[in-house]
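Peer 1: Attaching a single structure in structure tokens format; questions to follow.
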Amino acid sequence: MNTVSEIAITHHRAQVGEVSLHYLQAGEPRPGRAPLVLLHGFPQHSHMWRRLMPALAEHYLVIAPDLRGIGGSSILPTGYDKRTLAADIYGLMQQLGHARINLVGYDLGAGVAYAYAAAHPEAVRRLVFMEFALPGFGVWEQGITPGPDWHNGVNWHAALFTLPDVAESFMGGQERKFLSWIFWHLSCNPDAVSPEDFEVYARQLSKPGAFRAGINLYAAVWTDAEHNRASAQRKLPMPVLAVGGACSGGAYIAQAFAVAAEDVRPLVLEGAGHWLAEEQPAALATHFLDFFGEADQAAE
Numbered sequence: 017m018n019t020v021s022e023i024a025i026t027h028h029r030a031q032v033g034e035v036s037l038h039y040l041q042a043g044e045p046r047p048g049r050a051p052l053v054l055l056h057g058f059p060q061h062s063h064m065w066r067r068l069m070p071a072l073a074e075h076y077l078v079i080a081p082d083l084r085g086i087g088g089s090s091i092l093p094t095g096y097d098k099r100t101l102a103a104d105i106y107g108l109m110q111q112l113g114h115a116r117i118n119l120v121g122y123d124l125g126a127g128v129a130y131a132y133a134a135a136h137p138e139a140v141r142r143l144v145f146m147e148f149a150l151p152g153f154g155v156w157e158q159g160i161t162p163g164p165d166w167h168n169g170v171n172w173h174a175a176l177f178t179l180p181d182v183a184e185s186f187m188g189g190q191e192r193k194f195l196s197w198i199f200w201h202l203s204c205n206p207d208a209v210s211p212e213d214f215e216v217y218a219r220q221l222s223k224p225g226a227f228r229a230g231i232n233l234y235a236a237v238w239t240d241a242e243h244n245r246a247s248a249q250r251k252l253p254m255p256v257l258a259v260g261g262a263c264s265g266g267a268y269i270a271q272a273f274a275v276a277a278e279d280v281r282p283l284v285l286e287g288a289g290h291w292l293a294e295e296q297p298a299a300l301a302t303h304f305l306d307f308f309g310e311a312d313q314a315a316e
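At position 81 of the sequence shown the residue is numbered 97 (our numbering), and the sequence of numbers has no breaks.
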């Protein structure tokens, strides 16, 4: 058996409809174990999972796609509502032959994961929902309303990015400054993102059209809100682990997600701000394995 350090993370690409999706993969298919699919947030991309994937791949086939417009996936002018992004990922899973998956979504990727699970509940064995509040139920909307906490980094960018032309005109060309600010302000440990990893994120975000694609993820939230309210009429049936950083969303992530799922289990990740996978990768991987492994044991 390979050790964690020997498990390779490989790069792949698939054409799914109009979009070319880049994804990372590690591990091998395991009989009786659904693949583990990891959906990133913004301003990161699939690179954010690099510290977790080897440990997870000891037990699961692990797939970490880049959402359309982000990382190595193709940049398109439209299609950034979370239902469309979820359809991209569902199409990728169908191409790869994975009818049922374990799904993890972080930040805006959690919105995509919810859209996937709501559209295809039979195709999601278990769901992890991290550091996000679904638009449409007041929590997201409250978070982007100006208030005294904004100087601490709370969602001013999410408000600005709902006006994509304005956001791009003010912030285009300021990608490195934006990354420096947001990584520092939303972390428990400001050194969690290494200089080398910062450069990876900065290069990706500075590509032509990449920052606008990220902005478009936020500009679509009003459409997402309508979709979420409609989807929540039928609560998700699968178990959900709702994770918040102790220095960030904390237990409130689970409280807010209760509107959308029947079985929501809270987890507050100690020593972490918003950047869970960067700040506490080993602890997060352990929690994932415990949560998904519980279903595997029950199936045996």
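Glycine is no exception: its CB is placed at the ideal position from the N, C-alpha and C atoms.
Here the structure is a predicted model, which means the values were calculated and not measured.
Determine, using beta-carbon pairs with one atom in the segment 136 to 146 and one in the segment 70 to 87, whether at least three such pairs fall under 8 Å.
Peer 2: Not touching, per the Cβ criterion.
Peer 1: Cβ of A24 within 9 Å of Cβ of L54?
Peer 2: It is not a contact, given that the beta carbons lie outside the stated cut-off.
Peer 1: Would you kindly check if the distance between the Cβ of E294 and the Cβ of A262 is under 9 Å?
Peer 2: The answer is no: Cβ separation not under 9 Å.
Peer 1: The alpha helix (DSSP H) that contains F186, what's its start and end?
Peer 2: Unbroken alpha helix (DSSP H) run through F186: P180 to M187.
Peer 1: Can you tell me whether DSSP reads A277 as helix, strand or coil?
Peer 2: Here A277 sits in strand by DSSP.
Peer 1: Thinking just about the alpha-carbon of each residue, which of S89, G43 and D312 is nearest to the one in S62?
Peer 2: For S62, the nearest C-alpha among the options comes from S89.
Peer 1: Beta strand (DSSP E) containing M146: first to last residue?
Peer 2: Unbroken beta strand (DSSP E) run through M146: V140 to M146.
Peer 1: Measuring alpha carbon to alpha carbon, tell me which of A277, H290 and A241 ends up nearest V259.
Peer 2: Selected option, being the one with the closest Cα: H290.
Peer 1: What separation, rounded to the nearest whole angstrom, lies between the Cα atoms of A208 and G48?
Peer 2: Approximately 35 Å between the Cα atoms of the pair.
Peer 1: To test your reading of the DSSP string, which unbroken alpha helix (DSSP H) runs of 4 or more residues are found completely within the segment 235 to 302?
Peer 2: Correct list: 237 to 247, 268 to 273 and 292 to 295.
Peer 1: If you reduce the DSSP assignment to three classes, tell me which class A149 lands in.
Peer 2: DSSP places A149 in coil when its eight states are reduced to three.
Peer 1: Confirm, please, whether the CB-CB distance from A134 to A276 is below 9 Å.
Peer 2: The answer is yes: Cβ separation under 9 Å.
Peer 1: Report the rounded CA-to-CA distance for K193 versus L300, giving the unit in angstroms.
Peer 2: If you take the alpha carbons of K193 and L300, they lie about 28 Å apart.
Peer 1: Can you give the Cα-Cα distance for A30 and A131, rounded to whole angstroms?
Peer 2: Rounded to the nearest angstrom, the two C-alpha atoms are 21 Å apart.
Peer 1: Tell me the DSSP secondary structure of Y122 in three-state form.
Peer 2: Of the three classes helix, strand and coil, the one that applies to Y122 here is strand, per DSSP.
Peer 1: Excluding sequence positions up to five away, which residues of its chain have a Cβ less than 6 Å from the Cβ of G265?
Peer 2: Excluding residues within five positions, the ones whose Cβ falls inside 6 Å are E147.
Peer 1: Could you check the C-alpha separation between F273 and G230 for me, to the nearest Å?
Peer 2: Going from the Cα of F273 to the Cα of G230 covers about 24 Å.
Peer 1: Assign R281 to buried or exposed, taking buried as 16 or more other Cβ atoms, counted over all protein chains shown, within 10 Å of its Cβ.
Peer 2: So R281 counts as exposed.
Peer 1: Where does T94 sit, in a helix, a strand or coil, going by DSSP?
Peer 2: Three-state result, T94: coil.
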